[in-house]
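Asks: In my numbering, the protein residues as written are 1 to 588. Virtual Cβ for every residue (Gly too), placed ideally from N, Cα, C. Just so it is clear, the structure is predicted and the values come from calculations on it, not from any experiment. Got a structure here, written out as structure tokens. Questions coming.
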Amino acid sequence: MKKIIILFLLVLATFTGAVAEEKPLGVKEYSSVDELAAAITAYFPKVQGEVKTVQGDQVTISLGTKDGLQNGVSLMLWRDGKEILHPVTNAVIGRTEEEIGSMELISAGSTTSTGTIKKKIKDPKPGDKARITPKKISLALLPLNAERPEILQGLAGKLNEYGRFTVLDREKIAAFLKDRKQRDGSLVKEMGRTFSLDVVAAIGIYPSDSKFLVNTTLYYADDARLIDTIVGMLDLKSKGDAFGEVKPFFVPVAEEKAVPIELSFDAQLFVAARLEGDSRLQYVFSDGAKLHIYQQDKTGWHEAWKEPVSYAAGEMQHFNLEAADINGNGRPEIFVTGMLNGRVVSSVIEFRDGVYQRIADVPGFLRVVTSPRTGSVLIGQAYDPMSFFADKPKQYAWADGKYVPGAEYTLPKDVGLYSFTYAEQGESKPLLVALDEKEKLLVYSKGTLIWRSEETYPSVGITVQKPATGVEAMLSKALAESDKSLRVTIRSRLVAMDTNGDGKDEIILPKNSGATFLTGHKEAEFVGLGWTGSRLEPRWSIPETTGAVLDYQVVGQAGAGSQILAVVRTLGGLFASDTLRLMTYSVK
Numbered sequence: 001m002k003k004i005i006i007l008f009l010l011v012l013a014t015f016t017g018a019v020a021e022e023k024p025l026g027v028k029e030y031s032s033v034d035e036l037a038a039a040i041t042a043y044f045p046k047v048q049g050e051v052k053t054v055q056g057d058q059v060t061i062s063l064g065t066k067d068g069l070q071n072g073v074s075l076m077l078w079r080d081g082k083e084i085l086h087p088v089t090n091a092v093i094g095r096t097e098e099e100i101g102s103m104e105l106i107s108a109g110s111t112t113s114t115g116t117i118k119k120k121i122k123d124p125k126p127g128d129k130a131r132i133t134p135k136k137i138s139l140a141l142l143p144l145n146a147e148r149p150e151i152l153q154g155l156a157g158k159l160n161e162y163g164r165f166t167v168l169d170r171e172k173i174a175a176f177l178k179d180r181k182q183r184d185g186s187l188v189k190e191m192g193r194t195f196s197l198d199v200v201a202a203i204g205i206y207p208s209d210s211k212f213l214v215n216t217t218l219y220y221a222d223d224a225r226l227i228d229t230i231v232g233m234l235d236l237k238s239k240g241d242a243f244g245e246v247k248p249f250f251v252p253v254a255e256e257k258a259v260p261i262e263l264s265f266d267a268q269l270f271v272a273a274r275l276e277g278d279s280r281l282q283y284v285f286s287d288g289a290k291l292h293i294y295q296q297d298k299t300g301w302h303e304a305w306k307e308p309v310s311y312a313a314g315e316m317q318h319f320n321l322e323a324a325d326i327n328g329n330g331r332p333e334i335f336v337t338g339m340l341n342g343r344v345v346s347s348v349i350e351f352r353d354g355v356y357q358r359i360a361d362v363p364g365f366l367r368v369v370t371s372p373r374t375g376s377v378l379i380g381q382a383y384d385p386m387s388f389f390a391d392k393p394k395q396y397a398w399a400d401g402k403y404v405p406g407a408e409y410t411l412p413k414d415v416g417l418y419s420f421t422y423a424e425q426g427e428s429k430p431l432l433v434a435l436d437e438k439e440k441l442l443v444y445s446k447g448t449l450i451w452r453s454e455e456t457y458p459s460v461g462i463t464v465q466k467p468a469t470g471v472e473a474m475l476s477k478a479l480a481e482s483d484k485s486l487r488v489t490i491r492s493r494l495v496a497m498d499t500n501g502d503g504k505d506e507i508i509l510p511k512n513s514g515a516t517f518l519t520g521h522k523e524a525e526f527v528g529l530g531w532t533g534s535r536l537e538p539r540w541s542i543p544e545t546t547g548a549v550l551d552y553q554v555v556g557q558a559g560a561g562s563q564i565l566a567v568v569r570t571l572g573g574l575f576a577s578d579t580l581r582l583m584t585y586s587v588k
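Next up, the structure:
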């Protein structure tokens, strides 16, 4: 055994020696991949403490080894802001947060620890807070050899299951490592930049009789700084083929007939509903200027209807698409809103007398809001060329053969007509969850903001060019289009659904990533977030959707299995066109 460990350490040095000076390594015994995953997770506890003293760039905090902290760990520093008061009782229900910077621990004691400032936004002071971010940590498992890839696969599944990590897909890692010879800190930093990683775990697996010597060296991805090294003997025989039983907590599962469907047009918006009033599901797509309706039956996947309109370039731009039965005839109507020749209009299409036909045109914006207690409600807002959204939103009803605006529909001050939903949490009123301009999630209780996420959830969105007026109208078209004040971005929809039958909704949304200035988003993952009573926390995820999510729907019944249907765009590169597919994922 000693010979094997010595040989292993010599091999290991070719990678780690160039990154950081190693400390003496202790070998631990692990009887399952689960135990190894738990050992890694232990380096990233969700902890929060207080700043006790500040001396120059050294900070002492009220957290230590009893809280799971170790030397080399980074913590975020922040300060309480203004109080958030309950709208009825005026009780303090929270505070805003002000980021101060970050620190790295250099001396972890039992109950207190000392560290140095790593990033400074403001000068820290006693009473400030210190914590390890509660958001999911983006991690890559970097293989140092080709031994037993199923162990790595099982480890990735377990780390995903804990809900603390988003683990990079192994196929992407393999493609990244191809033809790269370096195995030093520059590789870690390059991986971090390429995949927006927080942590890289370099893992070597070395057979030893019936066991495996497994080395896991953890690095911060931004600067290849060593966190720690875990060396263990993994004995899988004690619990059978343990790694074969390890599965991710949530994985995309294609239904038997729900194979990816390649779309032959540039789909941008999507909605699914039983438009014809029977059990069949219809799929409605907008290519930005007109609608396409598809369905799947005994004859296969085919186009059932295409909007019989033809717009010149730039005349029409759709930016919202919904479906709901608002007129109460048992068949959902299609509501599509767009910019047509400098004005915003909404059109309504319905299946009547065996054909799809336009039944109404409504000036201004429309959208469907679904609440656990009120069902589907149609709301709208007037349009003004100067302000874009004008007046207050109103609830619309079907009366005398048309959609008529009624009472004002009250929304919190900073919440617009789109990109919000309601989530049932067993309170007197559902929570309102919105996506703001910085792509952070906001949670409101009875109209009062009670939480804002640290993490962002980038959406593809649709940017609408407002018509130029006044001075802007005298500029050239190119100059007018470059004026940011003339552009409005309509962000992704949010969906709330109780997927596990516990009576509380999760927030389901895509998180796109990999964007560059020229290409846009390259990939995405779906996340399900649950309300803890004070914040939204990740409950499950579907990683690696092979492209950017343009739009999506969630269909099915609460707690009885549901599906995410998503339009996913895979970038084609310089000499190939993009590919658009309708993907199906099961939530079970």
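Please report the residue range of the beta strand (DSSP E) in which residue 434 lies.
Replies: First-last of the beta strand (DSSP E) with residue 434: 431–435.
Asks: Going by alpha carbons, who is nearest to residue 304 out of 295, 312, 33?
Replies: Closest by alpha carbon: 295.
Asks: Would you call the region 31–42 and the region 96–109 touching, i.e. three or more CB-CB distances under 8 Å?
Replies: Flag = no, the region 31–42 and the region 96–109 do not touch.
Asks: State the DSSP-derived secondary structure class of residue 125, mapped to helix, strand or coil.
Replies: Coil.
Asks: Rounded to a whole number of angstroms, what is the C-alpha to C-alpha distance between residue 388 and residue 459?
Replies: Roughly 21 Å separates the two Cα atoms.
Asks: Looking at residue 199: is its Cβ nearer than 8 Å to the Cβ of residue 139?
Replies: For residue 199 and residue 139, yes; Cβs fall inside 8 Å.
Asks: Is residue 244 helix, strand or coil by DSSP?
Replies: Any answer about residue 244 is weak, because its pLDDT of 37 lies below 50 and its placement is not dependable; what the coordinates show is given next. DSSP places residue 244 in helix when its eight states are reduced to three.
Asks: Would you call residue 339 buried or exposed, if buried means 16 or more other Cβ atoms sit within 10 Å of its Cβ?
Replies: Buried: at least 16 other Cβ atoms inside 10 Å.
Asks: Consult DSSP for residue 578 and reduce its assignment to one of helix, strand or coil.
Replies: In this structure, residue 578 counts as coil in the three-state DSSP scheme.
Asks: Since residue 165 and residue 137 are thought to touch, with beta carbons under 8 Å apart, how far apart are those beta carbons, to the nearest angstrom?
Replies: Residue 165 to residue 137, Cβ: 5 Å. Contact.
Asks: Note down, in chain order, each residue of its chain lying with its Cβ closer than 7 Å to the Cβ of residue 12, except the 5 sequence neighbours on either side.
Replies: In this predicted model, residue 12 has a pLDDT of only 48, less than 50, meaning its place in the structure is not dependable; the value taken from the coordinates is given anyway. Excluding sequence neighbours, residue 12 sits near 204, 215.
Asks: Just how far apart, CA to CA, sit residue 407 and residue 394?
Replies: About 6 Å.
Asks: With distances taken from CA atoms, which of 418, 357, 355 is nearest residue 381?
Replies: Ranking 418, 357, 355 by Cα distance to residue 381 puts 418 first.
Asks: By Cβ distance below 6 Å, which residues in the same chain neighbour residue 510 in space, the five residues on each side in sequence not counted?
Replies: For residue 510, where only same-chain residues beyond five positions count, the Cβ hits under 6 Å are 524, 526, 549.
Asks: With a CB to CB cut of under 8 Å and the five nearest residues on each side skipped, what residues in its chain are close to residue 29?
Replies: So the qualifying residues of the chain are 232, 233, 235.
Asks: Am I right that residue 536 and residue 404 are in contact with their C-beta atoms under 8 Å? What's the rounded C-beta distance?
Replies: Actually they do not touch by this definition, with Cβ atoms about 36 Å apart.
Asks: Should residue 185 and residue 221 be called a contact, given that it needs their Cβ atoms to be closer than 8 Å?
Replies: Cβ atoms of residue 185 and residue 221: not closer than 8 Å.
Asks: Using only alpha-carbon positions, find the residue among 135, 145, 272, 76 that is nearest to residue 118.
Replies: For the residues 135, 145, 272, 76, the minimum Cα distance to residue 118 belongs to 76.
Asks: Would DSSP call residue 404 helix, strand or coil?
Replies: Reduced to three states, the DSSP call for residue 404 is strand.
Asks: Just mark residue 241 as buried or exposed, buried being the case when its beta carbon has 16 or more other beta carbons within 10 Å.
Replies: Since pLDDT at residue 241 reaches only 39, below the 50 mark, its modelled position is unreliable, and the value read off the structure follows with that caveat. Residue 241 is exposed by the Cβ-count criterion.
Asks: Using a 10 Å radius around the Cβ and a threshold of 16 neighbouring Cβ atoms, would you call residue 595 buried or exposed?
Replies: Residue 595 lies beyond the residue range present for the chain, which begins at 1 and ends at 588; the question has no answer from this structure.
Asks: How would you call residue 589, buried or exposed, if buried means at least 16 neighbouring beta carbons within 10 angstroms?
Replies: Beyond the ends of the chain as shown, which are 1 and 588, falls residue 589; an answer cannot be given.
Asks: Since residue 66 and residue 111 should fall inside the 8 Å C-beta cutoff, what is the C-beta to C-beta distance between them, to a whole number of angstroms?
Replies: Between residue 111 and residue 66 the Cβ distance is about 6 Å, and since that is below 8 Å, they are a contact.
Asks: Alpha carbon to alpha carbon, what distance is there between residue 570 and residue 171?
Replies: When rounded, the distance between both Cα atoms is 16 Å.
Asks: May I have the straight-line CA-CA distance separating residue 248 from residue 553, to the nearest angstrom?
Replies: In this prediction, residue 248 has a pLDDT of 31, which is less than 50 and means its spatial position is unreliable; what the coordinates show is noted afterwards. Rounded to the nearest angstrom, the two C-alpha atoms are 23 Å apart.
Asks: Please classify residue 256: is it buried, with 16 or more other beta-carbons within 10 angstroms of its beta-carbon, or exposed?
Replies: Residue placement at residue 256 is flagged as unreliable, the pLDDT there being 34, under the threshold of 50; a coordinate-derived value is accordingly withheld.
Asks: Just to check my reading of the structure: residue 461 and residue 507 have Cβ atoms closer than 8 Å, yes? What is that Cβ distance to the nearest angstrom?
Replies: The Cβ separation is near 18 Å, so there is no contact.
Asks: Do residue 344 and residue 364 have their C-beta atoms within less than 8 Å of each other?
Replies: Yes, they are a contact pair.
Asks: For residue 456, which option in 562, 435, 541 has the closest C-alpha, if you only look at C-alpha atoms?
Replies: Answer by Cα proximity: 435.
Asks: Apart from the five residues just before and just after residue 467, which ones in its own chain have a Cβ nearer than 7 Å to its Cβ?
Replies: Excluding sequence neighbours, residue 467 sits near 342, 385.
Asks: Which one or two residues does DSSP pair with residue 268 in a beta bridge?
Replies: Paired residue(s): none; residue 268 is not in a bridge.
Asks: Once the 5 residues before and after residue 452 are set aside, which same chain residues still bring their CB inside 6 Å of it?
Replies: Closer than 6 Å at Cβ, skipping near neighbours: 440, 442.
Asks: Terminal residues of the continuous alpha helix (DSSP H) containing residue 35?
Replies: Taken as a continuous stretch (DSSP letters only), the alpha helix (DSSP H) holding residue 35 covers 33–41.
Asks: Along the beta strand (DSSP E) that carries residue 537, what are the first and last residues, could you check?
Replies: First-last of the beta strand (DSSP E) with residue 537: 536–542.
Asks: Can you give, in chain order, each stretch of the beta strand (DSSP E) that sits fully within the region 263–321 and has at least 3 residues?
Replies: You should have 269–273, 282–286, 291–297, 300–306.
Asks: For residue 456, which of helix, strand or coil comes out of DSSP?
Replies: In the structure shown, residue 456 sits in a strand (DSSP, three-state: E or B).
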